[in-house]
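J.: Dropping the structure in here first, questions after.
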Amino acid sequence: MLRSIIIGLVCLLLLPYSALAQTVLSGNVRNSVTKEVVPVVSVTMKEAPNGDYTNDQGNFKFSTRKSYPVTLILSSVGFETKEIIISGPGFQRIELSPASVLGKEVVVSASRFVQKKIESPVTIERISTKDIINSPQPSYYNMLQGLKGVDVTTSSLLFTTVTTRGFNTSGNTNFTQIVDGMDNQAPGLNFPIGAIIGLTELDVDNLEVLSGASSALYGSRGLNGTMVMTGKDPFKYQGLSAQITQGINHVSKGKANDPLGPSPYYDWTVRWAKKVNDRFAFKINVQYTQAKDWMANDTTNTNGPGGPLQDPNYNGVNIYGSKTSVDINPFLEGALQQVPELAPIINPLLAEGNHNVARTGYPEYGYLSSDAKMFKANVELRYKIRPKLEAILSGTYGQGDAVYSNDTRYALNGFHLGQYRAEVKAEHWFVRAYTSRENSGHTIIAMPTAQLINEAWKPSYDGNTGDGWYPQYTSALLEAMSQGKSYQDASNLARTFADQGRPDAGSAQFLRLKDSISNIPTSKGGTLFTDRSRLFNAEAQYNFTHLIKFAELIAGLNYRLYRLDSKGTLFPDNDSPIDVAEYSAYAHLTKKVIHEKLSLAAAFRYDKNTLFAKPRITSRVSAVLEVNKESFIRFSYQNAYSFPSNIQSLQSTPVDYNSFASGGSDRLLNGVYHFDQYPAYTLASVDSFKRTKNPADLKQFALSDIKPQSVDAFELGYSSLIAGRVLIDVLGYYSTWKNFIGYVNVANTPGSKDPNDFLDHSKYIQYNIAYNGAEKVNTYGYAASVSVDLSHHFLAKVNFSSDFLKNRNNSQVNNFNTPNYKFNIDFGNTGFGKKEHFSFNTTFRYRPAYFYQIGFGSGTVPASAVIDAQVSYRLLQAHSTIKLGGVNLTNTYYRNGFGSPAIGGMYYVTFAYNVF
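FYI, the numbering for the sequence shown is 198 to 1113, going by our numbering.
Okay, here's the thing in structure tokens:
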């Protein structure tokens, strides 16, 4: 009995302290105008680490050891910050007043710490989750094309490549894409696979694009810019969200040669995040997209004027298999020896010179699949060891069917990539490790696969029998001409005769041949990639600012290992995987002086790549001067180095008959291609020799081991927020490139030094090789943007940019593919009408015509003017939104890359539940 009394007294004595330790603060936050709940509001205690975010119902709840009264600070993007004093227990009902966000955006990527975007030392563009919600684009990734200074190449519906400042091509190895701290390039390809791997549509917190060189902070892959994407924190963004988009594209069959009719577009996305308690939270994301892809259908003849009925050597841009081209003069000479009576027909033909004839190719539609599919999934677990010490585990998986353009068109079928991360982060430091694992699936290389299909159903020439497509063509040509037909008419009849037995695209025989060829690895004479490359990365960073006080100092270390494993189909790794390691260290120092009006910064980065003997040091210095309140002048200089990517160093991929896309390392040049024994000649001079038979026309091209390129980049800019309503940003830049990496087309005759071997393509090999140009290359440009808050949630934006290349090296394919100027206009409203149920957004994008170079050809991309729009209605009680929208409303087909598909209109309706 006495024991029970003592225990009871102790409990009574401890009760006040227990209650003090368990003081619970809770409440609900709503919009003062619409009265709807406001999620993702930061609710923190003043001068204390305790706090919470409101969930999808607008509720918050957390514990504190402090006694009443306590002061809470509530803040959220788009609302005025509010402080309230709570004097006693009870559920709090709080309202926040909407406010303009113009000029108040914060960014992290510009300096690796939080700062206002307007005060950034370099040009940076930002997309927030609210921007995504109000955008007419059904994919956040496609919003990038409307940002200032950004160029995109759309290779297919689900494969878009992003870059800045002119160097624009599909599969850009000099643009870095970082997702939640992870470089999400495909380890073997060395470039991001669009949005196939990364954040789902409902999990994007924000997206930042740094224009121009950003190597000092993000490594040597960032010469053309860096994009940093941040996913939603499950402690902050809680609840179940779902979005269903259904639409239609290809609405006008036959328009702009579109072979497809009206086709459905589907996108389903689900996100579930839950804060289990104050320490543990998780999120699960799933997205699936399916549609009929845009087909590349440019039939322009790359071999000269005329179409397939006018030119026997016709080779369309997007016609595959017709790169096989032979001079039929030897067959004419053979026919003359066998039938001398044909001399009156044959001799005049031989006197005219070469008569090149291409085999009949296949258009993309019916040859490559028109099905575009993408599946993405992500799981993330977060555990707070202490309020400011957090452990994170995440796994992301993406799989897709898409097409991209480079040296030819590549159909990625079942391509998948996984990324897995472990991280511990505190207020001042983090340690992160992750791995990326690539599987190339069943990738089809369009051009050589089609050529091998032609050879499989009927060889061009069979030396054992003397028969083949070209002998049959020549025989039929001469027969038709002997009957009085013109050479052109006889050529068309000859093609029809030689094409007897040719399987139609999509037929059972065609598919059987395609599958058999594309299932044999390139290393064994087929066209299959078997790439299983992996990437391993470890990084640590520490912010010393709280220790040194007088300045802000951040420093970090990074280690990366590429394990290239393509079984000889992409790299020379037949015997074993190739390991390429990179070691990096970086530091960034910022100091504010002159009453904190002038911010000076310097960044340095040390990089070492095991493929190259010498390390490289990249530096960046910058100054930001506050000339008036909310008005800043910025200046930056960066000396950036970039090691050649693994693709630029080691790639050896067949892209055509006896034709390779090639890296420029000595390991390939002399170890595999034996240029030291059998010299390389420019492909243009080989073509000239084939016409003239004069060996003096052959021009050797000296190639040496590829080395890092560098750029000295200057930027001057000005940003100002005027009267809280008008935000302007203007800039100019100038860059000088040294050892610029471009591409050159060359050929050699392995095993022979007889120049006559260049007359027979079976005896010579051509290469599109990466190499360093000797000349300095300059790029320069300027840009401006104006954003105006028109009140009542109306916002108008205009941006303009211009990029130029100076001292172009004509011996290189430099991939500077951008118009001299471009502009975008954006006008919208995020809430109007009674209780602000309605919203809308309209964008206009204009690009004049411009010249575009890529590995398999070059030409002019026509001018384009594109309008996108959406209108939305919010069902406040159901926490839902219905959106009706369209991209390319006028359905005026356009391209943004040579050999890329023509993009038409797409119209959709979206139902979004609990999206914020």
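Even for Gly, the Cβ is constructed at its ideal location relative to N, Cα and C.
With DSSP collapsed to three states, give me the class of residue 332.
T.: Three-state result, residue 332: coil.
J.: Taking residue 1084 as part of the beta strand (DSSP E), name the residues at either end of that continuous run.
T.: Where residue 1084 is concerned, the enclosing beta strand (DSSP E) stretches over 1077–1084.
J.: Are residue 561 and residue 606 closer than 8 Å when you measure CB to CB?
T.: For residue 561 and residue 606, yes; Cβs fall inside 8 Å.
J.: Just to confirm, is the Cβ distance from residue 912 to residue 998 under 8 Å?
T.: Not closer than 8 Å, so no.
J.: Which residue marks the beginning of the alpha helix (DSSP H) containing residue 666, and which one marks its end?
T.: Its alpha helix (DSSP H) spans residues 666–679.
J.: Taking only heavy atoms of the ligand ZN into account, decide whether any of them is closer than 7 Å to the Cβ of residue 501.
T.: The ligand ZN is absent from the structure shown, which contains no ligand whatsoever.
J.: Can you tell me the Cα-Cα spacing of residue 723 and residue 714, whole angstroms?
T.: Spanning the two alpha carbons is a distance of roughly 5 Å.
J.: Excluding five sequence neighbours on each side, which residues of the same chain lie with their C-beta closer than 6 Å to the C-beta of residue 419?
T.: Closer than 6 Å at Cβ, skipping near neighbours: 373, 411 and 412.
J.: Would you mind sorting residue 699 into buried or exposed? The rule is 16 or more other CB atoms within 10 Å of its CB.
T.: Label assigned to residue 699: buried.
J.: Give the DSSP-derived three-state secondary structure of residue 738 in the structure shown.
T.: Reduced to three states, the DSSP call for residue 738 is strand.
J.: Give a yes or no on contact between the region 725–736 and the region 617–634, applying the rule of three or more CB pairs nearer than 8 Å.
T.: As far as the Cβ criterion goes, the region 725–736 touches the region 617–634, which means the pair count is three or higher.
J.: Mind the definition here: the region 327–338 touches the region 961–973 only if three or more C-beta pairs lie below 8 Å; say whether that holds.
T.: Segments in contact, no.
J.: What's the gap between the Cα of residue 1061 and the Cα of residue 1088?
T.: C-alpha separation (whole angstroms): 11 Å.
J.: Taking the straight line between their C-alpha atoms, what separation do you get for residue 1099 and residue 449?
T.: About 13 Å.
J.: Could you give the C-beta distance for residue 404 and residue 309, rounded to a whole number, given that I count them as a contact under 8 Å?
T.: That belief does not hold up - the Cβ atoms of residue 404 and residue 309 are roughly 17 Å apart, past 8 Å.
J.: Can you tell me whether residue 538 is buried or exposed, with buried defined as 16 or more other CB within 10 angstroms of its CB?
T.: Under this definition residue 538 is an exposed residue.
J.: Would you call the region 836–843 and the region 873–883 in contact, with 3 or more CB pairs under 8 Å?
T.: As far as the Cβ criterion goes, the region 836–843 does not touch the region 873–883, which means the pair count is below three.
J.: Since residue 808 contacts residue 730 with CB under 8 Å, what's their CB separation in whole angstroms?
T.: Not confirmed; about 15 Å, so no contact.
J.: Mind checking whether residue 1083 and residue 1065 have CB atoms under 8 Å apart?
T.: The answer is yes: Cβ separation under 8 Å.
J.: Identify the residues that DSSP records as bridge partners of residue 516: which are they?
T.: Partner(s): 560.
J.: Is residue 523 closer than 8 Å to residue 554 when the C-beta atoms are compared?
T.: A contact, by the Cβ cut-off of 8 Å.
J.: So what's residue 1111 in DSSP terms, helix, strand or just coil?
T.: Coil.
J.: On the premise that residue 493 lies in contact with residue 1090, defined as a C-beta separation below 8 Å, what is that separation, rounded to the nearest angstrom?
T.: Residue 1090 to residue 493, Cβ: 12 Å. No contact.
J.: Return the Cβ separation of residue 1051 and residue 366 in integer angstroms, given the expectation that the two are a contact with Cβ distance under 8 Å.
T.: Right, their Cβ atoms sit about 6 Å apart.
J.: Is the beta carbon of residue 401 closer than 8 Å to that of residue 439?
T.: Not closer than 8 Å, so no.
J.: Output yes or no for whether 8 Å exceeds the beta carbon distance between residue 597 and residue 355.
T.: For residue 597 and residue 355, yes; Cβs fall inside 8 Å.
J.: Taking 8 Å as the threshold (C-beta atoms), are residue 482 and residue 399 in contact?
T.: The answer is yes: Cβ separation under 8 Å.
J.: Can you give me the Cβ contacts of residue 532 inside the same chain, cut-off strictly under 8 Å, excluding the 5 residues immediately before and after it?
T.: Result list for residue 532: 539, 543, 671, 672 and 675, in chain order.
J.: In the DSSP output, which residue or residues are listed as bridge partners for residue 222?
T.: Note: residue 222 sits in a beta bridge opposite 259.
J.: Mind pulling the beta strand (DSSP E) runs of 3 or more residues that sit fully within the region 999–1029?
T.: Runs of the beta strand (DSSP E) inside the region 999–1029: 1019–1029.
J.: Can you tell me the Cα-Cα spacing of residue 742 and residue 783, whole angstroms?
T.: Cα to Cα, the separation comes out at about 15 Å.
J.: Would you report the Cα separation of residue 1053 and residue 500, rounded to the nearest angstrom?
T.: Near 12 Å, if we compare the C-alpha coordinates of residue 500 and residue 1053.
J.: Tell me the rounded alpha-carbon separation between residue 866 and residue 391.
T.: Those two C-alpha atoms are separated by around 31 Å.
J.: Return the first residue and the last residue of the alpha helix (DSSP H) that residue 654 is part of.
T.: 643–654 is the extent of the alpha helix (DSSP H) around residue 654.
J.: Tell me which same chain residues have a C-beta within less than 6 Å of the C-beta of residue 263, skipping the five on either side of it?
T.: Excluding residues within five positions, none has a Cβ falling inside 6 Å.
J.: For residue 266, count neighbouring C-beta atoms within 10 Å of its own C-beta (all shown protein chains included) and say buried if the count is 16 or more, exposed if not.
T.: It counts as exposed.
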